[in-house]
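Order-wise, the sequence lines are chains L and W.
Residue numbering for the first sequence follows our numbering, starting at 4 and increasing by one per position.
Residue numbering for the second sequence follows our numbering, starting at 4 and increasing by one per position.
What follows is a short report on a single structure.
Protein chains: 2
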Amino acid sequence: MKNNAAQSSEPKITDAPRAQKRSRPVQVADQIKHWVVERDLRKGDKLPNEAAMIAQFGVSKGTVREAMRILEAQGLIVTKTGPGGGSAVGEVSKERAISLLGNYFYFKNLSLSDIYQLRKLLEPELVANLAGTLDEETLTELRSMAHQHPEPAKTPEEEKQQHISSLVFHARLADAAENELMGFVISFMARILSDLTVYHRLYAAPNKELWERGRRHQIDLVDALEKGERSRARDIMMSHMEGAERMMNVQEMRITRQFMTE
Amino acid sequence: MKNNAAQSSEPKITDAPRAQKRSRPVQVADQIKHWVVERDLRKGDKLPNEAAMIAQFGVSKGTVREAMRILEAQGLIVTKTGPGGGSAVGEVSKERAISLLGNYFYFKNLSLSDIYQLRKLLEPELVANLAGTLDEETLTELRSMAHQHPEPAKTPEEEKQQHISSLVFHARLADAAENELMGFVISFMARILSDLTVYHRLYAAPNKELWERGRRHQIDLVDALEKGERSRARDIMMSHMEGAERMMNVQEMRITRQFMTE
DNA sequence: GTTCTAAATTTATCATAATAAATTGGATTC
DNA sequence: GAATCCAATTTATTATGATAAATTTAGAAC
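So, in structure tokens, the structure goes:
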């Protein structure tokens, strides 16, 4: 009838029923997010207290509290009791972001080769970017990690520990990335692989030669990073990735069998 | 002296040092997560109802409800009223995962060149993987998208629309990825760039030649995908990425200025 | 058989009150 | 005068019960 005039002027006519059954706590949470963006609030900036929000939004205490738990679960606020307490904006931590993304992949079937395809694309590029940019402190830290296990593992327990150490090494490199998106993705993969070692034994039988090669790679890599040799760093990492992939049991397909904890 | 043990002199130092100040709703939420993992529940499987959880965990209704909002915010459950209602496990949707990860980068300073560095690494590889694997339906869909804008944009409004269409094209490719991690990262970047166009004008002045080249790329790419020409697909995408990057205003640095909506 | 209505079930929201945690100011102590 | 303890204050946390809203199911009416 006469209503159809709106169609030409409002392209989002189909989105109109968008204001459907979102619960009140969700609506309140969204309004608070909006409020934070509008005022460009940053980490530590305080939100109105519970009583003020009850008045502001005209909802009950329980509704406000559920809204706060929503924001808290997403890592957007932190809450404290006592005078000067209340809720404040809190940057989403990398750990929280990793856990939340891990929940998504819990329901997917990521394979080790998926992970390694990405590692081979990203990590060589990461170290090429890092070459010549790291400060002495970081280099020292990396060198110390690279020298941490001077001998091949003698027990499965030791082997697991060495593998986790290696992943910490990679995560440390990722943290140094200028490109935070690249750094995040690499950290996420390291975290997935790290969790794996806790629940499964999926490494091939220890192989002294492969192990020695891996160790050599780490040491050479730090050297190349220090000297700013971009392509050498890239090549070492690529070779390292290929070696690491060969050491994994590629049979193991579903690799996220738990929800991550922060 | 009075030893007022009634206060808080119950330091649970005994077994779990980790069990510190996590609130009751968070503890309940974590227990439910464990419960889901233990029983290997999948999407649609039902959780006990509110009353049962109150009894099960020995907490109040409000506490249980806050726990449910936490899980709901993370995308892990969905809740319905009425008979046969209650809470059920719900796969985290890609859209939800993108939003949650977007919250993390809201506080970061991602640059366009960060995004494009990753796009140039991942998207050529994506199409190389896809070459020869797409069904006719998907190919038809892609072809239709590629032919959607036969003329260069005449207004900024049209230009924005064309750019978004291009991002939808890339997102569609990402959805087809076998490697879901790679697909997710590419979708995430498309989403970030898509949101940008809504809030900022950041494209260089329209350039008929560049525009024509971009259009050609999409058409040729679908052709290469259909024929299973891996390296040609890869080359086209790489060239396309370089062109797209040149069209952006690289001055624009902070690119996440809002919380994403689902 | 279809449609309407009422009842039953379950979450959603609200209101109120009691409890716990953290800070602050002041009194007490050395 | 500085440190310590204590009580008052502020704020979130948990609990309880009542009422509303949404949804399904069963039954009644036609």
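Where a beta carbon is used, it is the ideal one built from N, C-alpha and C, also for glycine.
Taking the straight line between their C-alpha atoms, what separation do you get for residue i and residue j?
i: Ala3 (chain L); j: Glu212 (chain W); result: Residue 3 (chain L) is absent from the structure shown; chain L starts at 4 and stops at 265.
i: Ser90 (chain L); j: Thr84 (chain L); result: 9 Å
i: Thr82 (chain L); j: Leu125 (chain L); result: 37 Å
i: Ser114 (chain L); j: Val188 (chain L); result: 16 Å
i: Pro28 (chain W); j: Ala76 (chain W); result: 13 Å
i: Leu196 (chain L); j: Ile57 (chain L); result: 44 Å
i: Leu79 (chain L); j: Gln59 (chain W); result: 30 Å
i: Phe262 (chain W); j: His166 (chain W); result: 21 Å
i: Val40 (chain L); j: Asp138 (chain W); result: 43 Å
i: Ser11 (chain L); j: Glu69 (chain W); result: Annotation note: pLDDT 32 at Ser11 (chain L) (below 50); position unreliable, coordinate value reported separately. Going from the Cα of Ser11 (chain L) to the Cα of Glu69 (chain W) covers about 43 Å.
i: Val225 (chain L); j: Arg237 (chain W); result: 32 Å
i: Asp48 (chain L); j: Lys111 (chain W); result: 17 Å
i: Leu175 (chain L); j: His150 (chain W); result: Note that residue 175 (chain L) is Arg in the sequence shown, not Leu. For Arg175 (chain L) and His150 (chain W), the distance between alpha carbons rounds to 45 Å.
i: Leu142 (chain W); j: Glu229 (chain W); result: 7 Å
i: Gly88 (chain L); j: Asp198 (chain L); result: 35 Å
i: Leu104 (chain W); j: Ala100 (chain L); result: 6 Å
i: Glu248 (chain W); j: Asn132 (chain L); result: 19 Å
i: Ala180 (chain L); j: Asp33 (chain L); result: 32 Å
i: Glu215 (chain W); j: Glu144 (chain W); result: 20 Å
i: Val62 (chain W); j: Ser26 (chain W); result: 12 Å
i: Thr267 (chain L); j: Arg233 (chain L); result: The requested residue 267 (chain L) is not part of the displayed model; chain L covers only 4 to 265.
i: Met148 (chain L); j: Asp223 (chain W); result: 48 Å
On the CB-based measure, 16 or more other CB atoms within 10 Å of its CB, does residue i come out buried or exposed?
i: Gly186 (chain W); result: buried
i: Asp18 (chain W); result: Caution is warranted here: a pLDDT of 33 is assigned to Asp18 (chain W), below 50, making its placement in the model unreliable, and no coordinate value can be reported.
i: Gly159 (chain L); result: The question names Gly, yet the displayed sequence has Pro at residue 159 (chain L). With fewer than 16 Cβ atoms within 10 Å of its Cβ, Pro159 (chain L) is classed as exposed.
i: Ala22 (chain W); result: The pLDDT assigned to Ala22 (chain W) is 46, lower than 50, so where the model puts this residue is not dependable; a value taken from the coordinates is nonetheless given after this. Counting Cβ neighbours within 10 Å, Ala22 (chain W) comes out exposed, since fewer than 16 surround it.
i: Glu128 (chain W); result: buried
i: Leu153 (chain W); result: Note on identity: in this sequence residue 153 (chain W) is Pro, with Leu being the wrong assignment. By the 10 Å Cβ count, Pro153 (chain W) comes out exposed.
i: Gln120 (chain L); result: buried
i: Asn106 (chain W); result: buried
i: Ala54 (chain W); result: exposed
i: Lys64 (chain L); result: exposed
i: Thr66 (chain L); result: buried
i: Lys46 (chain L); result: exposed
i: His173 (chain L); result: buried
i: Lys157 (chain W); result: exposed
i: Ser102 (chain W); result: buried
i: His243 (chain W); result: buried
i: Lys97 (chain W); result: buried
i: Glu162 (chain L); result: buried
i: Arg42 (chain W); result: exposed
i: Glu265 (chain W); result: exposed
Please list, in chain order, the chain L residues whose beta carbon lies closer than 7 Å to that of residue i.
i: Arg237 (chain W); result: Within chain L, no residue comes near Arg237 (chain W); the closest Cβ sits about 12 Å away, beyond 7 Å.
i: Ala100 (chain W); result: Leu104 and Tyr107
i: Gln261 (chain W); result: Val40
What residues of chain W sit near residue i, judged by a beta carbon separation below 8 Å?
i: Ile73 (chain L); result: Arg72, Ile73, Glu75 and Ala76
i: Glu69 (chain L); result: Arg68, Glu69 and Arg72
i: Gly65 (chain L); result: Gly65 and Arg68
i: Lys46 (chain L); result: Phe110
i: Lys36 (chain L); result: Phe262
For residue i, go through chain L and note every residue whose CB falls closer than 8 Å to its CB, in chain order.
i: Pro28 (chain W); result: Arg72
Which residues in chain W have a C-beta closer than 7 Å to the C-beta of residue i? List them in chain order.
i: Glu94 (chain L); result: Phe110
i: Leu196 (chain L); result: Per Cβ cutoff of 7 Å: no residues; Leu196 (chain L) is ~12 Å from chain W at best.
i: Leu79 (chain L); result: Asn106
Please report the Cβ distance between residue i and residue j, rounded to the nearest whole angstrom; I am assuming they are in contact, meaning their Cβ atoms lie under 8 Å.
i: Ala134 (chain L); j: Gly231 (chain L); result: 5 Å
i: Ala227 (chain L); j: Arg219 (chain L); result: Rounded, the Cβ-Cβ distance is 12 Å, inconsistent with contact.
i: Ile73 (chain W); j: Leu50 (chain W); result: Not a contact, Cβ separation roughly 13 Å.
i: Asn52 (chain W); j: Asp117 (chain L); result: Incorrect: roughly 38 Å between the Cβ atoms, too far for contact.
i: Ala177 (chain W); j: Ser190 (chain W); result: 4 Å
i: Val130 (chain W); j: Met240 (chain W); result: 5 Å
i: Met44 (chain W); j: Val92 (chain W); result: Per the sequence shown, residue 44 (chain W) should be read as Leu rather than Met. With 8 Å as the limit, Leu44 (chain W) and Val92 (chain W) qualify as a contact, their Cβ atoms being about 5 Å apart.
What residues of chain L sit near residue i, judged by a beta carbon separation below 9 Å?
i: Thr49 (chain W); result: One detail in the question is off: residue 49 (chain W) reads as Lys in this sequence, not Thr. Going along chain L, no residue has its Cβ under 9 Å from Lys49 (chain W), so there is no contact; the nearest lies around 17 Å.
Taking residue i as the query, report the chain W residues whose CB atoms sit under 9 Å from its CB, ordered along the chain.
i: Lys83 (chain L); result: The contacting residues do not exist; Lys83 (chain L) stays about 10 Å from chain W at best.
Given the structure, does residue i come close to the ligand SAM, in the sense that its CB is under 6 Å from one of the ligand's heavy atoms?
i: Tyr109 (chain L); result: For the ligand SAM, the structure offers nothing, since it holds no ligand at all.
Query - Interfacial residues, the stretch 172 to 194 of chain L to chain W, with Cβ spacing under 7 Å - result: So the list reads Asn182, Glu183, Leu184, Met185 and Val188, given in the order they occur along the chain.
Requested in this report: Could you name the residues of the stretch 107 to 134 of chain W whose beta carbon sits closer than 9 Å to any beta carbon of chain L, in the order they occur along the chain?
Outcome: Tyr107, Phe108, Tyr109, Phe110, Lys111, Asn112, Leu113, Ser114, Ser116, Asp117, Ile118, Gln120, Leu121, Leu124, Leu125, Glu128 and Asn132
Query raised in the report: What are the residues of the stretch 146 to 171 of chain W that lie near chain L, defined by any Cβ-Cβ distance shorter than 7 Å?
Result: none
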